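**Student:**
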Amino acid sequence: MSDIVIEASGLRKEFGTAVAVDDVSFTLHRGQSLAVVGESGSGKTTVARMLIGLETPSDGTISVCGRPRGTGRVSSRERRKRAREIQIVFQDPYSSLDKLQRIGDVVETSLALHFPLTPAERRRRALELLEAVGLAERHADMLPRQLSGGQRQRVAIARAIAVQPEVLVLDEAVAALDVSIQAQILNLLADIRERSGISYVFISHDLAVVHQISDTAIVMSNGRIVERGATPDLLRAPQEEYTRALRAAVPRPGWKPSRRQQA
Amino acid sequence: MTALTTRVRGSLGSRARDGASRAVRSLGPLGVTAAALLVLVALVTLLAPVLAPYDPDQPDLFNALGGASAAHPLGGDALGRDVLSRLMWGARTTLSGPVLIICLSTVVGTTLAITAAWAGGKVDAIVSRLLDILFAVPGIVFALITVAVLGPGITGVVLGLAVAYTPYVARVVRSAALRERNLPYVAAAWVQGRSAFAICVRHLLPNLRPLIIAQSVSALGFAVIDLAAISFLGLGVQPPTSDWGLMVKSGLDSATRGQPLEALGAGLLIVLVVAAVIVLGDRLGQEEGGRR
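Sequence lines, in order, name chains L and C.
Using UniProt numbering, you'd call the opening residue of the first sequence number 1 and step up by one each time.
Using UniProt numbering, you'd call the opening residue of the second sequence number 1 and step up by one each time.
(1) In chain order, what are the residue ranges of uninterrupted alpha helix (DSSP H) at least 4 long that sit wholly in the segment 203-276 of chain C?
(2) How is L:Glu55 classed by DSSP in three states: helix, strand or coil?
(3) Can you grab the Cα-Cα spacing for the pair L:Val163 / L:Phe202, in whole Å?
(4) What's the C-alpha gap between C:Gly67 and C:Ser96?
(5) DSSP puts L:Tyr200 in a beta bridge; with which residues?
(6) Please list the partners that L:Asp92 has in chain C, where partner means a Cβ-to-Cβ separation under 7 Å.
(7) Mapping the DSSP letters down to three states, classify L:Glu137 as helix, strand or coil.
(8) Measure the C-alpha to C-alpha separation of C:Ile114 and L:Gln87 and round it to an integer number of angstroms.
(9) Between C:Ala188 and chain L, is there a C-beta pair that is closer than 8 Å?
(10) Could you have a look at C:Leu47 and say whether DSSP puts it in helix, strand or coil?
(11) Assuming residue 295 of chain C and C:Leu65 form a contact by the criterion Cβ under 8 Å, report the distance between their Cβ atoms to the nearest whole angstrom.
(12) Check this for me: beta carbons of C:Gly139 and C:Asp226, under 8 Å apart or not?
(13) Please classify L:Val3: is it buried, with 16 or more other beta-carbons within 10 angstroms of its beta-carbon, or exposed?
(14) Pick from C:Val172, C:Arg257 and C:Ala275: whose alpha carbon is nearest that of C:Gly109?
(15) Give the residues of chain L in contact with C:Arg179, contact being defined as C-beta atoms less than 9 Å apart.
(16) Is C:Val83 closer than 8 Å to C:Gly265 when the C-beta atoms are compared?
(17) Name the DSSP beta bridge partners of C:Asp82, please?
(18) Report buried or exposed for C:Gly193, applying the criterion of at least 16 other Cβ atoms within 10 angstroms of its Cβ.
(19) Helix, strand or coil for L:Ala230? Go by DSSP, reduced to three states.
(20) Three-state secondary structure (DSSP) at L:Val250?
(21) Just to check my reading of the structure: C:Phe142 and C:Ala164 have Cβ atoms closer than 8 Å, yes? What is that Cβ distance to the nearest angstrom?
(22) Helix, strand or coil for L:Pro68 per DSSP?
(23) Nearest to C:Arg202 by CA position, among L:Asp206, L:Val5 and L:Lys99, is which residue?
(24) Between which two residues does the beta strand (DSSP E) harbouring L:Glu7 extend?
(25) Where L:His29 and L:Ala35 are concerned, what is the direct C-alpha to C-alpha distance, given to the nearest angstrom?
(26) Tell me the residue span of the beta strand (DSSP E) that contains C:Val123.
(27) Answer with yes or no whether the minimum CB distance from C:Ser26 to chain L is below 8 Å.
(28) Is DSSP giving L:Arg73 helix, strand or coil here?
(29) Does any C-beta atom of chain L lie closer than 8 Å to the C-beta of C:Thr191?
(30) Just the C-alpha distance for L:Leu207 and L:Gly229, rounded to the nearest angstrom, thanks.
(31) Given a threshold of 16 other Cβ atoms within 10 Å of its Cβ, counted over all protein chains shown, does L:Phe90 qualify as buried or as exposed?
(32) Across which residues does DSSP place L:Thr216 in a beta bridge pair?
(33) Tell me which residues share the same chain as L:Arg125 and place their Cβ nearer than 7 Å to its Cβ, disregarding the 5 neighbours each side in the sequence.
(34) If you compare alpha carbons, which of C:Thr166, C:Pro167 and C:Leu144 is closest to C:Gly156?
(35) L:Gln151 versus chain C: which residues are under 8 Å apart at the beta carbon?
(36) I'd like to confirm the pairing. Which residues does DSSP put opposite L:Leu28 in its beta bridges?
So, in structure tokens, the structure goes:
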């Protein structure tokens, strides 16, 4: 009985001569939440894109749910199978929904792809899913532009969990939202994990957010992992200079901006 | 704002009315005039058999080169055929050809554009270079080639111009499709396991539709001019069929003999229709630009 859902080893990704990701390895266990932390350009989004198969690694291997990901062409049947293993929620709540597709249809489309349901069952299931992410039945007939950023992100989460994946990758999924909405979405994600036992790969630059959602964390800089460990330890006593710098960049209560020297 | 004012569960009728009033507002007075003119021309074209006072092909020697009169408001041509009736019937050939050209080139162009944008890499490079080559050749030259192969007549000209107009649609649609294709919702659909075909037809095509329509309508204006020009040169529509391009040509002879109404009427109609189509295409394009 293996409860490892993701095993990545020696991941490397080059774009032309630039190396975006270099020698990244980690494992994710069922029901766990792993945070990937780093500043912009540290390669964390590239890791996410490789996990869900939008990029192929230049080197290294990924296996999800014990099945290795190859590099060749993938049949649509295999793609749907992979879809039930791993799903993603993107950062930008505005462009991650088709602006012409009604909210109910977004969820129904993903149900129709994966489960043999009658239209009535599908509709009912879609409404259940919307309710599970904190939306009401009246939202089902709305277009994305009629929803707020937080509500759209809820729709993106409903679309992803509709296929009942083992792993959900959240690529800066709350970064575009304001702090109170962030908290709501993080609570929602915690609820979903508790109910379904899903695993998260949580990609973020925001240590406060990471602290709330993850058990373990890896810190990336310039495409490499510089530190890893249990999230509370990592945040309380970072060993690496880079992690300390990241932590120091989080404003705290009582924080006074130091006045800049006039040049 | 529209998000708040549009009623979501409005009846179908009220939704359609909302759409109509929004269209009027976004077209502006000039756009509405252009649209109204085109609707009028389309109606006359369709109802030509009912509205035309005479058989357009029936010569009447008593009316040859006749001036405007109560019986013949625009007089007669060199053979005495009623000019007004010929203008009405001529609209059918003059306008149906360009509509066919644009339908063909829009379907082919959009298919090429979306395929290229989706596939990327080599496919995109080949399609793009092909479109560049087509773009470099003027439409009239293409029509001359197909006419040389198929002989004078509407079929050859329509095929030639359809090929020539394909890049007008395809190049613009390709760059928009490329932008759309890179949006996260497309990646999300792909990760969900949707097929490439379903993503292109269900997501890309509807989102590109306003742009495709705006671009096709603009191209339609130019197709009317090209087709009329080719008929004027004697390679397109063949006499005795009535056609505005042909009527400008035969009307030139009549004009030197004192009956300018045939050439003037046909020429003026071409100018009006082309101007209206281009204004409308421009407005649709602006609206599309404003939505982005």
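In this text, a Cβ means the ideal position worked out from N, Cα and C, and glycines have one as well.
Here the structure is a predicted model, which is why all the values come from computation and not from measurement.
**Tutor:** Inspection of the coordinates gives the following:
(1) You should have 205-232 and 244-256.
(2) The answer is coil: DSSP assigns L:Glu55 none of H, G, I, E or B.
(3) Rounded to whole angstroms, the gap between the alpha carbons of L:Val163 and L:Phe202 is 19 Å.
(4) The straight-line gap from Cα to Cα measures roughly 29 Å.
(5) As computed with DSSP, L:Tyr200 is found in a beta bridge with L:Ser33 and L:Leu168.
(6) For L:Asp92, the neighbours in chain C by C-beta distance under 7 Å run, in chain order, Pro184.
(7) If DSSP states are grouped into helix, strand and coil, L:Glu137 belongs with the helices.
(8) One C-alpha to the other measures close to 26 Å.
(9) It does: the Cβ of C:Ala188 has a partner Cβ on chain L nearer than 8 Å.
(10) In this structure, C:Leu47 counts as coil in the three-state DSSP scheme.
(11) With chain C represented from 1 up to 292, any question about residue 295 of chain C goes unanswered, as that position is not in the structure.
(12) Yes, Cβ-Cβ distance for C:Gly139 and C:Asp226 is below 8 Å.
(13) First, the amino acid is wrong: residue 3 of chain L is Asp here, not Val. With fewer than 16 other Cβ atoms within 10 Å, it is exposed.
(14) The residue with the shortest Cα to Cα distance from C:Gly109 is C:Val172.
(15) Within 9 Å Cβ-Cβ: nothing; C:Arg179 doesn't reach chain L, min ~10 Å.
(16) Yes, they are a contact pair.
(17) According to DSSP, which records beta bridges pairwise, C:Asp82 is partnered with C:Gly76.
(18) By the 10 Å Cβ count, C:Gly193 comes out buried.
(19) If DSSP states are grouped into helix, strand and coil, L:Ala230 belongs with the strands.
(20) Per DSSP, reduced to three states, the secondary structure at L:Val250 is coil, with no helix or strand assignment.
(21) Between C:Phe142 and C:Ala164 the beta-carbon gap is near 4 Å, inside 8 Å, which marks them as a contact.
(22) It is a strand residue.
(23) Among L:Asp206, L:Val5 and L:Lys99, the Cα nearest to that of C:Arg202 is on L:Lys99.
(24) DSSP places L:Glu7 inside the beta strand (DSSP E), whose first and last residues are Ile4 to Phe15.
(25) Going by the C-alpha atoms only, they are around 13 Å apart.
(26) From DSSP, C:Val123 is part of no beta strand (DSSP E) but of the alpha helix (DSSP H) over Gly121 to Ala136.
(27) So, not an interface residue.
(28) The three-state reading of DSSP puts L:Arg73 in coil, since its state is none of H, G, I, E or B.
(29) The identity of residue 191 of chain C in the sequence shown is Val, whereas the question assumes Thr. Yes, its Cβ sits closer than 8 Å to a Cβ of chain L.
(30) Annotation: L:Leu207 to L:Gly229 spans about 14 Å, alpha carbon to alpha carbon.
(31) L:Phe90 comes out buried.
(32) Note: L:Thr216 sits in a beta bridge opposite L:Leu34 and L:Ala230.
(33) When the five nearest sequence neighbours on each side are left out, the beta carbons in the same chain lying within less than 7 Å of the beta carbon of L:Arg125 are those of Leu111 and Leu117, in order along the chain.
(34) Closest by alpha carbon: C:Leu144.
(35) Against chain C, the beta carbon of L:Gln151 has no neighbour under 8 Å; the closest one sits roughly 12 Å away.
(36) L:Leu28 is bridged to L:Ile6.
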